[in-house]
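Residue numbers (our numbering), protein chains in the order written: chain U, 19 to 505; chain Y, 557 to 902.
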């Protein structure tokens, strides 16, 4: 990402150089200037307060520089000597323009400017406050590792590198966002991902003209197809172990500085039903859990709509006992079943949103109000029927099984209820057709979202329809490239 | 142009066929079942020239002179007609089976709107969706078989001595095999595995049609003759679980297959219209409206299109490929002769 400052060269005269830096930065307070004489040459050490480690600055940079004694050395000679003969830090970039210099300063580098030199030397001494590696809050696992990504891109890169030591694993850093100048890292296995795919992804990111990039949501739309799809074809995880498994399958990951989530491309529909625990359990149990998840998806999406459609338009589908229970429950309800169901589902979404946004201390109160006051009293007062509340609860709980699909399910569930309420199973089928065709049209960089189910790819069934054991899996060497569809 | 797998072609064709079978009203006895078998054998013979044409990797439907403007128009008309038949089927089914819609026309309009959207998503989405719909067909048939097993009476399965019925049933089945025309156009999109897909399709078509017919006949017995749509009645008679009726469940399969079939017709028509009138806007919408209009006309006039569709299938799926094949062979021979003459002259 190049700004106009990248075209402004460093002024060799130190006084003018410092003035220019102060002018560009607007006299910002955290920028510190330390003018010193090193081997008789007027120099200035600059850094951003709070971004550098004070210990590193004093012990590893200032002290050796102040002890440096060189006879009749030129300004450039001094910088060359410091760069070549003194190992002040591992990372010692050089900048000859103010764009690069400010980027280094604002990234926690110490900058050494020398009077008479038209470039500066920087030392990596980042030492800002950071959140430690903690367990991911959104993707809980019983038997997997307990570390999650953090906000620091370098830490996240190291978390992956610790797991994949292969020399074929590549991490490419690029910068995007004119103002935020956010570091973005493209991660992939060079022996499993075709170069044309990497080029296309890099091209997509380079095409981003956003002023700032603060989270994954800013990048995601540029990696997704332009067609309006209901489900996202870009995956997201906050677990390094999950991301590593995706990378070894030949997918490409995108890390964004300042965000503890990684994106991966392509995401397949089956990814929503896989968790790391599946691979730590016995294969039969893994398969059982997977099938439960598929069933849960259908329940989450269709159960309230099916209830409404059957109760309103197709009561002949129920046996007499069920029909009587339903009729008895609904006879006193003041609203139509469709309105009642939509109301309950909307209320749940409101409560969920309140639970997420409110401070944790108030969260308990929300649960009490939602569960006891609204739920219990609504049923007792006859506003909502008990069977409906049961159906809604089953559907909502089933939706929790696939957190990656929660957004789509929340909206689709209500649409299905409305269609089921108006046109019964016929309406539901029409709605299902729309969703089915939409899912089938979703693809990212030539990878169909519905693969390996359609187009059918038998080899991949061992990790989608069932969960085969690793003895069998080790012979397969599956990569997503096999699912790539020809145009 | 999108490249499609042979298995996807199979999935699409078999889904369209199952929709036709669901809507069939005359698969009522052993003779009609035999007629289907005869018709399938004839269809296999009928598609042979088509497959021979596509066997030649240099063959492309787009490049053929015969497939010019008039040819394209004829195919467009056929697809519009076939799409209209899908809407008419919905129209007819809603009259006999309870559909929670105000009127049959409203149902057809809503379905048309859905089809316009699904067609706008492209041919790849269509093929992928058909792959998943085949799974739905499988599940529905299993439910039907499980439910039908205790109700089935093999004594209902008595062959009729009137063998002319077999011929009539075979002709009727051929006239309903619009998928042959679709096959001719769609084969262009399948680079590999055409022959295997077609072989599997005809085998599956025969087995599934006979299976559904057998279930209908054995479960319904004599009732089949007074039933408007035996598939739905058989569904109502066979109860897999302790629910009172299950025929509404088959409404889901019927609706999804109807959407798929109409979408295929809209997509194929749009594809061909695009070659004739590339600047025309809202092609899918126009096609869907035309289909609805034709469907309304068919319903109002009660016009039986069996003979007309039979003739069109014969022309578009059999005669055209044969003529194309002969022309190609003739040109190849001419080329060989001219090159031989050139060699001998040299």
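Glycine is no exception: its CB is placed at the ideal position from the N, C-alpha and C atoms.
Asked	Found
Cutting at 7 Å between CB atoms, please list the residues of its own chain near residue 167 of chain U, excluding the five before and the five after it.	174, 177, 256, 258, 278, 279 and 280
Have a look at the DSSP bridge pairing and note the partners of residue 532 of chain Y.	This structure cannot settle anything about residue 532 of chain Y, because the visible part of chain Y is limited to 557 through 902.
Have a look at U:428, U:357, U:137 and U:411 and flag the residue whose alpha-carbon is nearest the alpha-carbon of residue 319 of chain U.	U:428
Note down, in chain order, every chain U residue with its Cβ under 7 Å from the Cβ of residue 667 of chain Y.	448
Go ahead and pull the three-state DSSP assignment for residue 33 of chain U.	helix
If you measure between the beta carbons of residue 668 of chain Y and residue 650 of chain Y, is that distance less than 8 Å?	no
Taking the alpha-carbon positions, what's the residue 678 of chain Y to residue 207 of chain U distance?	32 Å
When you compare each of Y:589, Y:605 and Y:648 to residue 784 of chain Y by their alpha carbons, which one comes out closest?	Y:648
With 16 as the cutoff for other CB atoms within 10 Å, does residue 379 of chain U come out buried or exposed?	exposed
Distance, Cα to Cα, residue 507 of chain U vs residue 50 of chain U?	As shown, chain U starts at 19 and ends at 505. That puts residue 507 of chain U outside it, with no answer to give.
Alpha carbon to alpha carbon, how far is residue 474 of chain U from residue 299 of chain U? Give it in angstroms, no decimals.	26 Å
So what's residue 467 of chain U in DSSP terms, helix, strand or just coil?	coil
Please name the residue, chosen from U:282, U:269, U:247 and U:227, that lies closest to residue 254 of chain U on a Cα-to-Cα basis.	U:282
Secondary structure at residue 448 of chain U, three-state DSSP: helix, strand or coil?	helix
Quick check on DSSP: helix, strand or coil for residue 654 of chain Y?	coil
Closer than 7 Å by beta-carbon distance: list the chain U residues that pair up with residue 905 of chain Y, in chain order.	The structure shown does not extend to residue 905 of chain Y, since chain Y spans only 557 to 902, so no value can be given for it.
Taking 6 Å as the limit between beta carbons, can you name the residues of its chain near residue 868 of chain Y, skipping five residues before and five after?	634
For residue 838 of chain Y, return the contacting residues in chain U, with the cut-off set at a CB-CB distance below 8 Å.	Within 8 Å Cβ-Cβ: nothing; residue 838 of chain Y doesn't reach chain U, min ~18 Å.
Roughly how many angstroms lie between the CA atoms of residue 284 of chain U and residue 673 of chain Y, to the nearest whole one?	25 Å
Distance, Cα to Cα, residue 272 of chain U vs residue 203 of chain U?	6 Å
Contact criterion: CB-CB distance below 8 Å. Does residue 653 of chain Y meet it with respect to chain B?	Reference to chain B is not applicable here, since the protein chains of this structure are U and Y.
Measuring only the C-alpha atoms, how far is residue 574 of chain Y from residue 309 of chain U?	28 Å
Kindly list, in the order they appear in chain Y, the residues whose Cβ is closer than 7 Å to that of residue 441 of chain U.	656 and 657
Going along the chain, which residues of the stretch 811-828 of chain Y sit with their C-beta nearer than 7 Å to a C-beta in chain U?	811, 812 and 815
Expressed to the nearest angstrom, what Euclidean distance is found between the alpha-carbon atoms of residue 759 of chain Y and residue 600 of chain Y?	10 Å
Under the three-state reduction of DSSP, which class applies to residue 27 of chain U: helix, strand or coil?	strand
How long is the line joining the alpha carbons of residue 17 of chain U and residue 364 of chain U, rounded to whole angstroms?	In the structure as shown, chain U starts at 19 and stops at 505, and residue 17 of chain U therefore has no counterpart that could be examined.
For residue 684 of chain Y, collect the residues of the same chain with a Cβ closer than 8 Å to its Cβ; drop the 5 residues on either side in sequence, then sort them by chain order.	564
Taking residue 59 of chain U as the reference, which of U:38, U:74, U:90 and U:39 has the closest Cα?	U:90
What residues of chain U sit near residue 673 of chain Y, judged by a beta carbon separation below 7 Å?	452
Where does the unbroken alpha helix (DSSP H) through residue 137 of chain U begin, and where does it stop?	Unbroken run through residue 137 of chain U: none, as it is neither H nor E.
Identify whether residue 626 of chain Y lies in helix, strand or coil by the three-state DSSP scheme.	helix
Could you tell me if residue 302 of chain U is buried or exposed, where buried requires 16 or more neighbouring beta carbons within 10 angstroms of its beta carbon?	exposed
Specify the secondary structure class of residue 491 of chain U as computed by DSSP and reduced to three states.	helix
Identify every residue that forms a DSSP beta bridge with residue 60 of chain U.	U:55
Mind checking which residues open and close the beta strand (DSSP E) that includes residue 194 of chain U?	187-194
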